[in-house]
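**Q**
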């Protein structure tokens with residue numbers, strides 16, 4: 005990495021910390037229900053209308069069923085709106101109904117915070133579908149992830165009830181109250197402010213349909229005029245009579261972009277209004293909006309770590325989790341940026357200056373350093389928005405984006421899902437440490453026993469099974485191989501990336517894979533749903549189990565979980581468990597491609 009890349013990284017992390025501190029305090033207040041009275045007065049009619057008692061805490065099973073039902077209904081609504089959009093208003097282009105398999109994939113994808121898109125949004129979705137289906141789910145899926153993180157935090161913070169050790173009795177909050185408060189008092193106001201900033205920078209927000217404009221490169225030329233006899237006209241001096249003419253125009257799609265862009269980024273959703281996503285100048289017009297998008301992607305995941313420390317009564321615990329995330333992230337940025345700045349030897353062989361770096365698939369407005377940083381941010385944070393073509397990254401650059409997802413999307417991760425995923429690894433880390441020192445493991449005063457470890461095993465193994473099994477099926481059947489545009493190791497990487505992205509709820513793609521087919525729409529749709537809720541339900545069960553346990557006092561034999569030693573242990577656990585599942589698959593894809601490229 006050169007000096008400018010290091011400067012960008014340091015500025016980014018510094019601004020992130022400044023934003024995360026006050027946001028973390030507000031998240032802690034939402035988690036504990038410490039809000040001003042005027043907020044309660046606004047919420048009260050909503051709860052009465054829905055028949056909800058916000059102060060009635062739920063057990064983990066009730067909480068999980070509420071979230072499952074809520075998100076299932078959301079998926080059905082998104083599916084229906086897509087299938088009926090030809091009959092509904094706000095469809096200026098007269099777009100037809102979305103095909104059944106694509107609508108199925110999109111409905112599950114947006115309900116699970118994945119936002120995988122196998123279509124071009126501007127030519128597939130009407131204004132109504134973009135706003136009422138996709139944008140609404142961007143809010144609700146993000147609120148769902150944070151709600152689960154809140155439930156797990158409460159499980160650690162709870163003092164437990166004597167004599168009640170069954171997980172059925174662990175009260176972890178009210179799902180309906182959490183979803184309401186997170187949407188009204190966190191996601192909506194932040195999105196409104198960010199959307200206004202985006203509009204001020206040039207992000208569009210309108211209902212203008214399609215505009216035909218003259219391009220910057222419009223050709224101005226002299227066209228000779230002919231007389232009635234077909235012969236060129238001449239003036240008195242005998243020179244041809246000419247007229248100026250311009251012909252270069254382009255038809256541009258418009259739409260309510262800024263409102264969707266704000267929550268797409270803040271909620272780590274990632275689905276773009278346009279097919280080019282954040283590389284499109286109508287979504288991401290300036291270097292300032294580009295920096296703001298990266299900061300917004302990480303802001304809530306980072307703030308949740310600080311909120312965790314505050315709610316459990318030891319801020320050092322939150323800093324330890326945040327430190328582990330940041331350390332892995334920085335290493336990923338250094339490797340990816342260094343690989344992209346080193347260039348591509350195949351292009352160098354064609355006469356391209358190798359010191360210029362790998363510019364393929366990158367936007368000249370942002371450059372290599374910002375493009376590599378954004379690529380690591382979006383894959384580390386389960387967002388999926390892109391400003392560069394990931395398919396054009398060097399093999400090592402592409403490897404970093406894959407690894408960020410394959411670690412379980414815990415390096416900041418999605419809103420909520422990143423924190424509860426990292427806390428699962430933290431529990432596993434203290435279990436491993438307990439085995440080494442011969443003590444019953446405990447984390448934040450809660451004993452970690454067989455029940456919790458079984459649930460953790462399920463939560464950790466679900467996504468690798470989905471990724472590896474889905475990839476194996478896709479490369480084994482003709483329907484899967486038919487979508488490969490690049491044979492060999494890179495084609496395998498494209499399929500591996502698709503299932504990694506889907507099962508880990510990221511949504512980005514290598515884009516060389518033709519995935520808008522019944523086979524991939526169905527396979528990836530199922531992977532997104534199971535990758536979300538087959539992890540979420542065990543996490544809620546862990547939260548219930550922890551909430552039912554009494555908190556043990558700290559003794560001389562208690563493993564400290566807030567210092568550098570624990571941070572190293574946690575990082576080692578994430579790398580060991582996360583990467584061991586995928587090393588053979590990575591060896592068949594980006595690793596062998598890198599060795600072939602630099603042989």
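In my numbering, the protein residues as written are 5 to 603. Just so you know, even glycine gets a beta-carbon here, dropped at the ideal spot from N, CA and C.
Output the boundary residues of the beta strand (DSSP E) element that contains residue 4.
**A** Any property of residue 4 remains undetermined from this structure, which presents the chain solely from 5 to 603.
**Q** Confirm, please, whether the CB-CB distance from residue 147 to residue 183 is below 9 Å.
**A** Going by C-beta atoms, residue 183 is nearer than 9 Å to residue 147.
**Q** Going residue by residue through the stretch 484-572, where are the continuous alpha helix (DSSP H) segments of at least 4 residues, counting only ones entirely within it?
**A** Qualifying alpha helix (DSSP H) stretches, in chain order: 493-507, 522-551.
**Q** Any idea if residue 117 is buried or exposed, counting beta-carbon neighbours within 10 angstroms, 16 or more meaning buried?
**A** So residue 117 counts as buried.
**Q** Within 10 angstroms of its Cβ, does residue 442 collect 16 or more other Cβ (buried), or is it exposed?
**A** Exposed, since its Cβ has fewer than 16 Cβ neighbours within 10 Å.
**Q** For the alpha helix (DSSP H) holding residue 455, just list the boundary residues, first then last.
**A** First-last of the alpha helix (DSSP H) with residue 455: 454-480.
**Q** By Cβ distance, which residues of its chain are closer than 6 Å to residue 403, with the 5 residues on each side in sequence left out?
**A** Answer for residue 403: 594, listed in chain order.
**Q** What is the rounded straight-line gap between the Cα of residue 30 and the Cα of residue 311?
**A** Taking the straight line from one Cα to the other gives about 8 Å.
**Q** Since residue 236 sits in a beta bridge, which residues does DSSP pair it with?
**A** Bridge partners of residue 236: 230.
**Q** What are the boundary residues of the beta strand (DSSP E) that residue 217 is part of?
**A** From DSSP, the beta strand (DSSP E) with residue 217 extends over 214-218.
**Q** Using CA atoms only, rank isn't needed, just tell me which of 82, 284, 145 is closest to residue 107.
**A** Nearest option by C-alpha distance: 82.
**Q** Which runs of the alpha helix (DSSP H) at least 4 residues long sit entirely within the stretch 126-175? Give them in chain order.
**A** The stretch 126-175 contains these whole alpha helix (DSSP H) runs: 140-161.
**Q** If residue 344 sits next to residue 401, beta carbons under 8 Å apart, how far is it from one beta carbon to the other, in whole angstroms?
**A** With a Cβ gap of about 5 Å, residue 344 and residue 401 count as contacting.
**Q** Who pairs with residue 260 in a beta bridge, going by DSSP?
**A** The partner list for residue 260 (beta bridge, DSSP) reads 209.
**Q** Helix or strand or just coil, what does DSSP make of residue 420?
**A** Here residue 420 sits in coil by DSSP.
**Q** Is it buried or exposed, residue 536, if we count other Cβ atoms within 10 angstroms and call 16 or more buried?
**A** Per the 10 Å Cβ criterion, buried.
**Q** Measuring alpha carbon to alpha carbon, tell me which of 155, 80, 284 ends up nearest residue 124.
**A** Closest option to residue 124, Cα to Cα, is 284.
**Q** Just to confirm, is the Cβ distance from residue 273 to residue 511 under 9 Å?
**A** In this structure, residue 511 lies closer than 9 Å to residue 273 by Cβ.
**Q** Give every residue of the same chain whose Cβ lies closer than 7 Å to the Cβ of residue 4, excluding the five residues on either side of it in the sequence, and list them in chain order.
**A** In the structure as shown, the chain starts at 5 and stops at 603, and residue 4 therefore has no counterpart that could be examined.
**Q** Look up residue 67 in the DSSP assignment and say whether it is helix, strand or coil.
**A** Residue state, collapsed to three classes: helix.
**Q** From residue 35 to residue 315, what does the alpha carbon distance come to, in whole angstroms?
**A** Their Cα atoms are separated by approximately 8 Å.
**Q** Taking the alpha-carbon of residue 290 as reference, which of 301, 232, 371, 252 has the nearest alpha-carbon?
**A** Of 301, 232, 371, 252, the residue nearest in Cα terms is 371.
**Q** Let me know the secondary structure DSSP gives residue 40 once reduced to three states.
**A** Coil at residue 40, not helix or strand.
**Q** Between residue 214 and the rest of its own chain, which residues show a CB-CB distance below 8 Å, the 5 nearest in sequence each way excluded?
**A** Cβ neighbours of residue 214 beyond the five flanking positions: 96, 97, 255, 256, 257, 258.
**Q** According to the neighbour-count rule (16 or more other Cβ atoms, all chains shown, within 10 Å of its Cβ), is residue 468 buried or exposed?
**A** The residue is buried, with at least 16 neighbouring Cβ atoms inside 10 Å.
**Q** Can you round the beta-carbon distance between residue 412 and residue 420 to whole angstroms, since I take them to be within the 8 Å contact cut?
**A** Actually they do not touch by this definition, with Cβ atoms about 14 Å apart.
**Q** Beta-carbon within less than 6 Å of residue 571's beta-carbon, same chain only, minus the 5 sequence neighbours each way: which residues are those?
**A** Excluding positions up to five away in sequence, the list reads 324, 327, 328.
**Q** Three or more C-beta pairs under 8 Å: does that hold for the stretch 444-453 against the stretch 333-341?
**A** As far as the Cβ criterion goes, the stretch 444-453 does not touch the stretch 333-341, which means the pair count is below three.
**Q** For residue 211, count the other beta carbons within 10 Å of its own beta carbon; 16 or more makes it buried, fewer makes it exposed. Which is it?
**A** The residue is exposed, with fewer than 16 neighbouring Cβ atoms inside 10 Å.
**Q** Report all residues from its chain with a CB closer than 7 Å to the CB of residue 520; omit the five preceding and five following residues, and keep chain order.
**A** Cβ neighbours of residue 520 beyond the five flanking positions: 106, 122, 123.
**Q** Can you grab the Cα-Cα spacing for the pair residue 301 / residue 269, in whole Å?
**A** Taking the straight line joining both Cα atoms gives about 5 Å.
**Q** In whole angstroms, what is the alpha-carbon distance linking residue 63 and residue 457?
**A** Between residue 63 and residue 457, the C-alpha separation is close to 20 Å.
**Q** So what does DSSP say about residue 446, is it helix, strand or coil?
**A** The answer is strand: DSSP assigns residue 446 an E or B state.
**Q** Are there three or more Cβ pairs, one per stretch, closer than 8 Å when the stretch 538-549 is compared with the stretch 63-77?
**A** Yes: the two stretches touch, three or more of their Cβ pairs being nearer than 8 Å.
**Q** Among all the DSSP beta bridges, which residues are the ones paired with residue 451?
**A** In DSSP, residue 451 forms a bridge with 446.
**Q** Below 7 Å CB to CB, which residues in the same chain sit around residue 577 once its five sequence neighbours on both sides are set aside?
**A** Excluding positions up to five away in sequence, the list reads 429, 432, 433, 436.
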